[in-house]
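Q:
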Amino acid sequence: MRSRVLEMAMHAFPRRFRASRGEEMRATLADVLATDSRRFALLVAVVDLVIAGWALRLRTRPPLGRYLGFRLLERPLPPQDHPWLFDHVQGWFRYRQPAVRFLCVFAVQVPFLVAGTQVAVAELYVFASIYCLSWLMVANIPYFARRDRDRIMRRHGFVPTGRR
Amino acid sequence: MVIDMARRQLGEPAYLVLAALANGERHGYGIVGEVAEITDGRVRLGTGTLYGVLDRLVADGQVVPGRDEVVDGRLRRYYRLTGTGRQLLTEELERQESSARAVRSRLAGAS
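Chains as they are written, first to last, in the numbering used here: chain A, 3 to 166; chain B, 13 to 123.
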C-alpha cells in the first residue's frame with residue numbers, strides 16, 4: 003500500500019527522470035521513511051514528491067512560445083527540447099488530442115439527447131449515427147494517439163518504433 | 013558563464029545541498045542527513061525536493077554524479093561538487109556573511 007502510494011506520487015516526475023533517477027530515488031525514499039518517525043511522514047513525502055515533480059516538469063518544458071507553436075501549429079522543436087518531446091509523445095498526454103476530437107463530436111449530439119423522446123423516426127437515425135460515431139471514436143482513441151505520435155516523430159526526423 | 017551562475021538566485025535547498033557536498037561526495041540519503049546536521053535539524057530535505065535540486069545542479073555543472081553502489085539491494089549514487097559548484101558555494105557564503113555583518117552592525121548601532 004505504502005510503496006504503491008509512493009510509486010503513484012513519483013509519477014509527478016517526468017518519465018525520463020524516473021527512468022534515470024527512479025531507482026536511487028526509491029532507495030533514498032525508503033531510507034528516509036525508515037528513520038522518519040513523524041506521524042504524517044508518508045503524507046509529507048507524497049506531497050513533497052508531487053510538488054517537486056511538477057516543478058521539475060514546468061522547469062524543463064519548452065518556453066511558452068515554442069510550446070504553443072508545437073501544440074497548435076505542430077512546429078518542430080529544437081534538439082534541446084527533444085527529451086521533453088519524447089516524454090510528451092510517450093505519456094498519457096498524447097491521448098489528449100484524440101479525446102478532444104471525441105468531445106467535439108459528442109457535443110454535436112447533445113441537442114439530440116436534449117430532444118429525447120420527442121424526435122421523429124428520421125431524426126432517430128441521425129441520433130443513432132452520431133451516437134455510434136462517437137463511440138467509434140472512443141474505441142479508436144489509441145489508434146489516433148499512435149498515429150499522432152508517429153507523425154510528430156517523423157516531423158522531428160525520428161523513425162517511430164514499437165506499437166506503444 | 014561563471015558570472016551568470018553567480019548572479020542566479022541560489023535557493024536555500026540548493027545552497028544546503030552544495031554545503032552538504034562541500035567536504036566530500038555523498039549519496040541522496042547522506043545529503044539529507046548532512047543537511048539536517050548543518051541546520052541543527054531545522055531543515056528536513058524531502059526526497060522530491062532533493063532530486064529536483066540535484067537535477068538542476070547537475071544540469072548547471074555544479075554537481076556531478078559519481079560512482080554507484082548497491083547496499084541491501086538499494087542503489088546509492090554518489091554526488092560531488094565541481095569547481096564551479098565550489099565557487100558558487102563560496103560566493104553565496106561570502107554574500108551571506110556580508111549581509112550578516114551589515115545586519116549585526118545595524119543591531120549594534122541601534123542598541
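Even glycine gets a Cβ: it sits at the ideal position worked out from N, Cα and C.
#1: Out of A:Ala-36, A:Cys-106, A:Leu-138, A:Ile-154, point me to the one whose CA is closest to A:Leu-87's CA.
#2: Any beta-carbon of chain B closer than 8 Å to the one on A:Glu-76?
#3: What are the boundary residues of the beta strand (DSSP E) that B:Gly-78 is part of?
#4: May I ask you to report which of helix, strand or coil DSSP gives B:Leu-87?
#5: Are A:Arg-23 and B:Tyr-63 touching if we call contact CB-CB under 8 Å?
#6: Between which two residues does the alpha helix (DSSP H) holding A:Pro-85 run?
#7: In angstroms with no decimal places, state the Cα-to-Cα distance between A:Leu-8 and A:Ile-132.
#8: Does DSSP put B:Leu-93 in a helix, a strand or coil?
#9: Please classify A:Glu-26: is it buried, with 16 or more other beta-carbons within 10 angstroms of its beta-carbon, or exposed?
#10: Please state whether DSSP places B:Met-13 in a helix, a strand or coil.
#11: Mind checking if A:Phe-19 is an interface residue toward chain B, Cβ cutoff 8 Å exclusive?
#12: Check the Cβ of B:Leu-87 against every Cβ in chain A and list those closer than 9 Å, keeping chain order.
#13: Is there a Cβ of chain B sitting closer than 8 Å to that of A:Arg-4, yes or no?
#14: Could you spell out the range, first to last residue, of the alpha helix (DSSP H) harbouring A:Asp-152?
#15: Give the range of the alpha helix (DSSP H) segment to which B:Thr-51 is assigned.
#16: Can you tell me whether DSSP reads B:Arg-38 as helix, strand or coil?
#17: Flag B:Asp-72 as yes if its beta-carbon sits less than 8 Å from any beta-carbon of chain A, otherwise no.
#18: Which residues in chain A sit within 7 Å of B:Tyr-41, going by Cβ to Cβ distance?
#19: Got a sec, what are the start and stop residues for the alpha helix (DSSP H) A:Val-161 sits in?
#20: Count the other C-beta atoms from every protein chain shown that fall within 10 angstroms of the C-beta of A:Arg-16, then say buried if there are 16 or more, exposed otherwise.
#21: When burial is assigned at 16 or more other CB atoms within 10 Å of the CB, is B:Val-82 buried or exposed?
#22: Rounded C-beta distance between B:Gly-73 and B:Thr-94? I'm assuming under 8 Å.
A: Inspection of the coordinates gives the following:
#1: Here the question's residue 87 of chain A lines up with position 85 in the first sequence. By alpha-carbon distance to A:Leu-87, the top candidate from A:Ala-36, A:Cys-106, A:Leu-138, A:Ile-154 is A:Ile-154.
#2: Residue 76 of chain A sits at position 74 when you count from the first residue of the first sequence. Answer no: the Cβ-Cβ gap between A:Glu-76 and chain B never drops below 8 Å.
#3: Within the second sequence, numbered from 1, the residue matching residue 78 of chain B stands at position 66. Judged by DSSP secondary structure, B:Gly-78 falls within the beta strand (DSSP E) whose first and last residues are 75-83.
#4: Residue 87 of chain B sits at position 75 when you count from the first residue of the second sequence. Residue state, collapsed to three classes: strand.
#5: Looking up residue 23 of chain A in the first sequence gives position 21. Looking up residue 63 of chain B in the second sequence gives position 51. Yes, they are a contact pair.
#6: By 1-based counting over the first sequence, the position of residue 85 of chain A is 83. Counting along the chain, the alpha helix (DSSP H) containing A:Pro-85 begins and ends at 84-92.
#7: On the first sequence, residue 8 of chain A is found 6 positions in, with the first residue counted as 1. On the first sequence, residue 132 of chain A is found 130 positions in, with the first residue counted as 1. Those two C-alpha atoms are separated by around 42 Å.
#8: Start at 1 with the first residue of the second sequence, and residue 93 of chain B comes out as number 81. DSSP places B:Leu-93 in strand when its eight states are reduced to three.
#9: One-based indexing of the first sequence puts residue 26 of chain A at position 24. So A:Glu-26 counts as buried.
#10: One-based indexing of the second sequence puts residue 13 of chain B at position 1. Legend: pLDDT at B:Met-13 = 44, less than 50; position of this residue unreliable, value from coordinates given subsequently. The answer is coil: DSSP assigns B:Met-13 none of H, G, I, E or B.
#11: Here residue 19 of chain A is taken as the residue at index 17 of the first sequence, counted from 1. Yes, because at least one Cβ of chain B sits closer than 8 Å to the Cβ of A:Phe-19.
#12: Translated into positions along the second sequence, residue 87 of chain B becomes position 75. Scanning chain A for C-beta atoms nearer than 9 Å to the C-beta of B:Leu-87 yields Glu-25, Glu-26, Arg-28, Ala-29, reported in chain order.
#13: For the purposes of this step, residue 4 of chain A is taken as the residue at position 2 of the first sequence. Answer no: the Cβ-Cβ gap between A:Arg-4 and chain B never drops below 8 Å.
#14: Translated into the one-based positions of the first sequence, residue 152 of chain A becomes position 150. Here the alpha helix (DSSP H) through A:Asp-152 covers 143-157.
#15: In the second sequence, the residue the question calls residue 51 of chain B occupies position 39. Careful: B:Thr-51 lies outside any alpha helix (DSSP H) and carries neither H nor E.
#16: Within the second sequence, numbered from 1, the residue matching residue 38 of chain B stands at position 26. Shown here, B:Arg-38 sits in a strand according to DSSP, grouped into three states.
#17: Taking the second sequence and counting its residues from 1, one reaches residue 72 of chain B at position 60. Chain A, which has no Cβ nearer than 8 Å to the Cβ of B:Asp-72, makes this no.
#18: The count along the second sequence starts at 1 and reaches residue 41 of chain B at position 29. Ordered by position in chain A, the residues that pass the 7 Å Cβ test against B:Tyr-41 are Thr-30, Asp-33, Val-34.
#19: Position 159 of the first sequence, counted from the start, is the residue given in the question as residue 161 of chain A. Element bounds for A:Val-161: n/a, residue is neither H nor E.
#20: Residue mapping note: residue 16 of chain A aligns to position 14 of the first sequence, counting from 1. In the sequence on display, residue 16 of chain A carries Pro and not Arg. So A:Pro-16 ends up on the buried side.
#21: Stepping through the second sequence from its first residue, residue 82 of chain B is reached at position 70. It is exposed - the Cβ of B:Val-82 has fewer than 16 other Cβ atoms within 10 Å.
#22: What you label residue 73 of chain B is simply residue 61 of the second sequence in a count that begins at 1. What you label residue 94 of chain B is simply residue 82 of the second sequence in a count that begins at 1. Yes, they are in contact, since the Cβ atoms of B:Gly-73 and B:Thr-94 sit about 6 Å apart, within 8 Å.
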